[in-house]
Amino acid sequence: MVYQVCWRFEMKVGLRTPSFKKSFKARTTGKYKRKLKRMVNPLYGKKGMGWIKNPSRALKNKIYHKTTFSANSAIKGTSSLLAGFFYYCIVWPIKWIFIIMFAMFYFIFWAAFMIIKYMVQGIVWLFVALYNGVVSLVEKIINANREDPIE
8 MVYQVCWRFE MKVGLRTPSF KKSFKARTTG KYKRKLKRMV NPLYGKKGMG WIKNPSRALK
68 NKIYHKTTFS ANSAIKGTSS LLAGFFYYCI VWPIKWIFII MFAMFYFIFW AAFMIIKYMV
128 QGIVWLFVAL YNGVVSLVEK IINANREDPI E
């Protein structure tokens, strides 16, 4: 949701749209680059410098960070009350639904495999029994038609 706070800018409320590009850029900016900036500018990276440099931007950022939460904090359930609500009312039930569905499908596939396995075993047993019956029948026919030389 986006609310217009004043005529100059709109303010977002709720879940921040995740950006992999920005996240990657933030994680790969090197510590040597930050050290170099600190050597050049002694006020770089100090807390509260945003209020001195650009107070309206600092106010906007403070409001933005208070009224929104990231997807990572929502999944972990660590950021705020809203993020905890999101995790326990949306993420946690969905996670357990998927776990239960996986267990059900696993059981269904396991049961189907066992049924097919025993059906195949039964069919093989029937063919073996049929083969043995035919062989014994043929032996009886051969032995009945054969003349016994002992008599």
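So for the sequence shown, my numbering puts the first residue at 8; every next one is plus one.
For each residue, glycine too, the CB sits at the ideal point set by N, CA and C.
In this structure, DSSP gives G21 an extended state, which the three-state scheme calls strand.
F27 counts as exposed, since fewer than 16 other beta carbons sit within 10 angstroms of its beta carbon. When only Cα atoms are considered, A151 and G140 end up about 16 Å apart. Pairing F114 with L144, the inter-Cα distance amounts to about 44 Å. In this structure, R45 places its C-beta atom within 8 Å of the C-beta atom of Y51. If you look at K53, you'll find it isn't in any alpha helix (DSSP H); DSSP assigns it neither H nor E.
One Cα belongs to Y125, the other to L133, and the distance between them is close to 12 Å.
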